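Quick notes on the structure that follows.
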Amino acid sequence: MDSLPQFDQFKVHCDPHTAGLRWEKWIIRFERLMEAINVVSQTADSADQKTATDKRRLALLLHYAGTEVEDVFDTLPGVQDDKTTYSKAKPLFQAYFQPKKNVELEIQTRTWRKHGRFCNKTPSTRNKV
0 MDSLPQFDQF KVHCDPHTAG LRWEKWIIRF ERLMEAINVV SQTADSADQK
50 TATDKRRLAL LLHYAGTEVE DVFDTLPGVQ DDKTTYSKAK PLFQAYFQPK
100 KNVELEIQTR TWRKHGRFCN KTPSTRNKV
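FYI, numbering that gives the first Met the number 0 numbers position 40 of the sequence shown as 39, with every residue one higher than the one before it.
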């Protein structure tokens, strides 16, 4: 391969509220790129070739994703062995970028829905079930 094709970096901090969705879209595009430049671990003949290809995919991921993602990668939890290949690092990234949920708010919202108590009701119908 003479040179690597151009590919947009992933901006971690541009909008933290949409990071999970943006990451999912970015990783799908990245995997398409890996197919296009023929860096696919399933085509390798031996286990050593598959591991080498998987390590190469991780290196390409970190290169294309940019320094912000590389900084995240350096701080991801897990043993160092869990972060040596693409197939092991990808779930760690997915867990990191998934939107964090406020469990207490989710419980309260479900309770309000169950009892029909939302602010969009008029005061006269708010407490009627």
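C-beta: ideal position from N, C-alpha, C; glycine also. These numbers were taken from a predicted model, which means no experiment stands behind them.
If you reduce the DSSP assignment to three classes, tell me which class residue i lands in.
i, result
"Phe9", "coil"
"Leu3", "coil"
"Asp53", "helix"
What are the boundary residues of the alpha helix (DSSP H) that residue i is part of?
i, result
"Val68", "66 to 74"
"Pro90", "85 to 96"
"Leu20", "18 to 35"
Measuring only the C-alpha atoms, how far is residue i from residue j?
i, j, result
"Ala18", "Arg112", "28 Å"
"Ala114", "Glu103", "In the sequence as presented, Ala is not what sits at residue 114; that position holds His. Cα to Cα, His114 sits roughly 17 Å from Glu103."
"Pro4", "Thr110", "51 Å"
"Ala51", "Leu32", "18 Å"
"Phe72", "Phe92", "8 Å"
"Asp81", "Ala58", "14 Å"
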